[in-house]
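Written below as structure tokens is the structure these notes are about.
Dropping the structure here:
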């Protein structure tokens, strides 16, 4: 029975990865957009592009770490609810997550954060200092 459900589980995992990446990319993009004035000020003060990118990168890693810490107990609880809802007398779903599975999810989360940061580097480098500083708050 579990072998029959594997394609469904794989589809859920792929959709979750795509959704997670989209959320991280969008949140980081909004963060950069909202802070263009601050980032332009840093550029005017002489910060190099790499340092500005590093500031945003470290900030996103810290937020991802906080999200992992908060989501870990919540996801364990949600997993137990799903297992309880889907289990029946004819079909049993494994009721424990292996540590390797949790570790892989955490590593994948950080990899997606790094990829979204790398894709958004270009956006930070394209900030027009003059237009950003002229804008009214």
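In our numbering, the protein residues as written are 15 to 151. Glycine is no exception: its CB is placed at the ideal position from the N, C-alpha and C atoms. Here the structure is a predicted model, which is why all the values come from computation and not from measurement.
- One alpha carbon belongs to residue 19, the other to residue 131, and they sit about 34 Å apart.
- A straight-line Cα-Cα distance of about 33 Å links residue 45 and residue 113.
- Taking one beta carbon from each stretch, the region 87–99 and the region 46–53 have fewer than 3 pairs nearer than 8 Å; the two do not touch.
- According to the DSSP assignment, residue 91 belongs to the alpha helix (DSSP H) that extends over 63–100.
- Annotated as proximal: residue 134 and residue 70, with beta-carbon spacing under 9 Å.
- Judged by DSSP in its simplified three-state form, residue 141 adopts coil rather than helix or strand.
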